[in-house]
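**Student:** Here's a structure for you.
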Amino acid sequence: MAKSKTVFFCKECGFEASKWMGQCPGCKQWDTFVEEPVIKKSSIHNANGIKTLEPELLSKVTTDEDHRIVTGIGELDRVLGGGIVVGSLVLVGGDPGIGKSTLLLQMCRDLAAKQNKILYISGEESLKQIKMRADRLGTFHGDLLLLSETNLDSIEDTIRKINPEIVIIDSIQTMYKEEIGAAPGSVSQVRETTGTLMHLAKGLGISIFIVGHVTKEGVVAGPRVLEHMVDTVLYFEGDSKASYRILRAVKNRFGSTNEIGVFEMRDKGLIEVNNPSEFMLQGKPEGEPGSVVTASVEGTRPILVEVQALVCQTNFNMPRRTAAGTDYNRVNLLMAVLEKRLGINMASMDAYINVAGGMKISEPSLDLAIVLAILSSYKNRALDSNTIVFGEIGLTGEIRAVNNAEQRVLEASKMGYNVCVLPKVNEENIKNSNIKLIGVKNIRDIINLFIN
Ligand code: TYD
Ligand code: MG
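Numbering that gives the first Met the number 0 puts the first residue of the sequence shown at 0, with every later residue one more than the last.
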């Protein structure tokens, strides 16, 4: 008997190879290749025969720029770029249990209240389970169409018949097409089913949301395999121990990818967090050494966060350093700058840095806060608790300009801070501010900032 043909796919990025490889040449991950049967090309696209195509003039193409469905969940609308674009395919990725189904069901609830026709298809939960979740989320002032199904051919048929405005597929890893020999969740199934959904969305003008789990083990393909196929990619992330969740757009054909939405998971579903700064600063110590507040800009939104440092004498030959919520190498670099430029003996010091609240921040404007927190803990002297700092630090100890400085200052004053330490260059460009600005040029200028 002839051996059936197989190919190997990277389950992280979808890289295709004819043989198994230890490391994926595409995404450089190890041990991600899985074996899958080759799909007959004819089954992939239902070839309609070849016909001559009629190209359209660019100037003749009309856009329905305003044709968006506003969900009513402000944080979600902003991340989508102002609502759901009709006929778009949106991927919502995230770790299992982070709240993807909850978010989408809440979206459906609000849209159903506005008489939109919605079809919610779950391959993971029974109708009873969906109903139980819905009951938990509160009253539905409208109705949804539910389907518990994993066969995509039947689903396609149903969608064509019902013609809803919005469809939710929860999750893509449970969906399968009969003609593809691979198991649900395999790279080929996930790709083919998404391809079919793409045709449906574009052809019928239906907005489709696909849920994709981020998985670390097993043979289930991750959502990254689909990123290039869909219009918008949203990731729902958060610390499993913290209650807040961040919705981030990593790709958006209809809007900016700079936006984030902040939610909090409560017992009755997700609540929008309209003031993330207040949320992040909950429980901040007052007047303690090693605690510094900074303004970070996520997208177009300034968020105040607290940076903490604990510096103490090391008991080992090699000092221990950790950085939670920020870049470890950056912390090492900043400590080297402190050592060289201010002559502080950091080599004998352990240092633990933490961005409180569980946020992950990688922007360089955090530098000044990290350095001040380290210094503050090292000297055991606190910074005035009404002070906020931001600025990038260069290798010679110079403090460099950061973007959106005015917005950061504004957020600080909105949150009741009255002193802002910022790069000199930025200070000169801010015309009027109702809080005191202290422009600094070099890290030598910051050692006098401590109060006690
Ligand atoms: P879920 O939306 O099922 O996650 P996903 O679809 O991303 O896998 O979220 C499940 C988690 O959220 C679960 O651990 C329970 C929690 N949860 C709440 O805390 N409050 C709620 O009101 C709901 C519906 C879920
Ligand atoms: Mg789910």
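For every residue, glycine included, the Cβ atom is placed at its ideal position computed from N, Cα and C.
#1: For the alpha helix (DSSP H) holding K378, just list the boundary residues, first then last.
#2: Beta carbon of K127: closer than 7 Å to some heavy atom of the ligand MG?
#3: Start and end of the beta strand (DSSP E) containing N353?
#4: Quick one: Cα of S42 to Cα of R159, how far?
#5: Given the structure, does V210 come close to the ligand SAM, in the sense that its CB is under 7 Å from one of the ligand's heavy atoms?
#6: Any heavy atom of the ligand TYD closer than 7 Å to the beta-carbon of I171?
#7: What residues in its chain sit with their C-beta under 6 Å from that of G268, if we drop five residues either side in the sequence?
#8: Could you tell me the boundaries of the beta strand (DSSP E) in which M264 lies?
#9: Among G298, D383, K435, which has the Cα closest to the Cα of N402?
#10: Short of 8 Å in beta carbon distance, which residues of its chain neighbour I117, apart from the five on each side in sequence? Order them along the chain.
#11: Got a sec: does the ligand TYD put a non-hydrogen atom nearer than 7 Å to the Cβ of P222?
#12: Which of the three DSSP states, helix, strand or coil, is assigned to N328?
#13: What does DSSP give as the partner residue(s) for Y243 in the beta ladder?
#14: Within the present structure, is the beta-carbon of E123 separated from the nearest heavy atom of the ligand MG by less than 7 Å?
#15: So, for I446: in the same chain, excluding its five sequence neighbours on each side, which residues have a beta-carbon less than 8 Å away from its beta-carbon?
#16: From N379, L103, M20, pick the residue whose C-alpha is nearest to that of L309; which is it?
#17: So, helix, strand or coil for S42, using DSSP?
#18: For the beta strand (DSSP E) that G92 lies in, which residues bound it at each end?
#19: By the 10 Å Cβ neighbour count, where 16 or more other Cβ atoms means buried, how is R67 classified, buried or exposed?
#20: With E155 as the anchor, note down where its alpha helix (DSSP H) starts and where it stops.
#21: Under 8 Å: do the region 324-344 and the region 428-437 share three or more Cβ pairs, one atom per stretch?
#22: Tell me whether S100 counts as near the ligand MG, meaning its Cβ is closer than 7 Å to at least one heavy atom of that ligand.
#23: Between the region 343-361 and the region 382-395, can you find at least three pairs of beta-carbon atoms closer than 8 Å?
#24: How far does the beta strand (DSSP E) with H140 in it extend, from its first residue to its last?
#25: Looking only at its own chain, which residues have a Cβ that is under 6 Å from the Cβ of V210, when we skip the five neighbours before and after it?
#26: Along the beta strand (DSSP E) that carries H212, what are the first and last residues, could you check?
#27: Run the CB neighbour count on G122, radius 10 Å, all protein chains shown included, and call it buried at 16 or more, exposed below.
#28: Can V89 and F278 be called in contact, C-beta distance under 8 Å?
**Tutor:** Concretely, from the data shown:
#1: Position 379 of the sequence shown, counted from the start, is the residue given in the question as residue 378. K378 -> alpha helix (DSSP H) spans 366-378.
#2: Reading the sequence shown from its first residue, position 128 is the one you call residue 127. No, the ligand MG has no heavy atom inside 7 Å of this Cβ.
#3: By 1-based counting over the sequence shown, the position of residue 353 is 354. It spans 348-354 - the beta strand (DSSP E) in which N353 sits, taken as one unbroken run.
#4: If you number the sequence shown from 1, residue 42 lands on position 43. If you number the sequence shown from 1, residue 159 lands on position 160. Residue placement at S42 cannot be trusted, given a pLDDT of 47 that sits under 50; what the coordinates show is reported in the next sentence. About 20 Å.
#5: Absence of the ligand SAM from the depicted structure is noted, with the ligand TYD and the ligand MG being the only ligands included.
#6: Reading the sequence shown from its first residue, position 172 is the one you call residue 171. Incorrect: I171 has no Cβ contact closer than 7 Å to the ligand TYD.
#7: For the purposes of this step, residue 268 is taken as residue 269 along the sequence shown, with counting starting at 1. Result list for G268: T101, Q105, L136, in chain order.
#8: Reading the sequence shown from its first residue, position 265 is the one you call residue 264. According to the DSSP assignment, M264 belongs to the beta strand (DSSP E) that extends over 259-265.
#9: Position 403 of the sequence shown, counted from the start, is the residue given in the question as residue 402. For the residues G298, D383, K435, the minimum Cα distance to N402 belongs to G298.
#10: Within the sequence shown, residue 117 is the residue found at index 118, counting from 1. For I117, where only same-chain residues beyond five positions count, the Cβ hits under 8 Å are C107, L110, A111, L143, L144, P163, E164, I165, V166, I167.
#11: Position 223 of the sequence shown, counted from the first residue, corresponds to residue 222. P222 Cβ: outside cutoff for every heavy atom of the ligand TYD.
#12: Sequence index remark: in the sequence shown, residue 328 carries index 329 (1-based). Correct three-state label for N328: helix.
#13: On the sequence shown, position 244 is the one that residue 243 refers to. Partner(s): E263.
#14: Translated into the one-based positions of the sequence shown, residue 123 becomes position 124. Yes, the beta carbon of E123 sits closer than 7 Å to at least one heavy atom of the ligand MG.
#15: Within the sequence shown, residue 446 is the residue found at index 447, counting from 1. L341, L374, listed in sequence order.
#16: On the sequence shown, residue 309 is found 310 positions in, with the first residue counted as 1. The shortest Cα separation from L309 among N379, L103, M20 belongs to N379.
#17: Your numbering for residue 42 matches position 43 in the sequence shown. Note that S42 scores a pLDDT of 47, beneath 50, so its modelled location is shaky and nothing firm can be said.
#18: Mapped onto the sequence shown, residue 92 falls at position 93. That run of the beta strand (DSSP E) goes 88-93.
#19: The residue labelled residue 67 in the question sits at position 68 within the sequence shown. Result: buried.
#20: Residue 155 sits at position 156 when you count from the first residue of the sequence shown. Looking at the DSSP string, the run of the alpha helix (DSSP H) that includes E155 is 151-161.
#21: no
#22: Taking the first residue of the sequence shown as position 1, residue 100 is located at position 101. Yes, the Cβ of S100 comes within 7 Å of a heavy atom of the ligand MG.
#23: The region 382-395 makes no contact with the region 343-361: fewer than 3 CB pairs, one atom from each, lie closer than 8 Å.
#24: Position 141 of the sequence shown, counting from 1, holds the residue named residue 140. It is not in any beta strand (DSSP E) - H140 carries neither H nor E in the DSSP assignment.
#25: The count along the sequence shown starts at 1 and reaches residue 210 at position 211. So the qualifying residues of the chain are V91, K99, D169, S170.
#26: Residue numbering aside, residue 212 sits at position 213 when the sequence shown is read from its first letter. Run containing H212: 206-212, per the beta strand (DSSP E) assignment.
#27: Within the sequence shown, numbered from 1, the residue matching residue 122 stands at position 123. It counts as buried.
#28: Stepping through the sequence shown from its first residue, residue 89 is reached at position 90. Stepping through the sequence shown from its first residue, residue 278 is reached at position 279. Contact: no.
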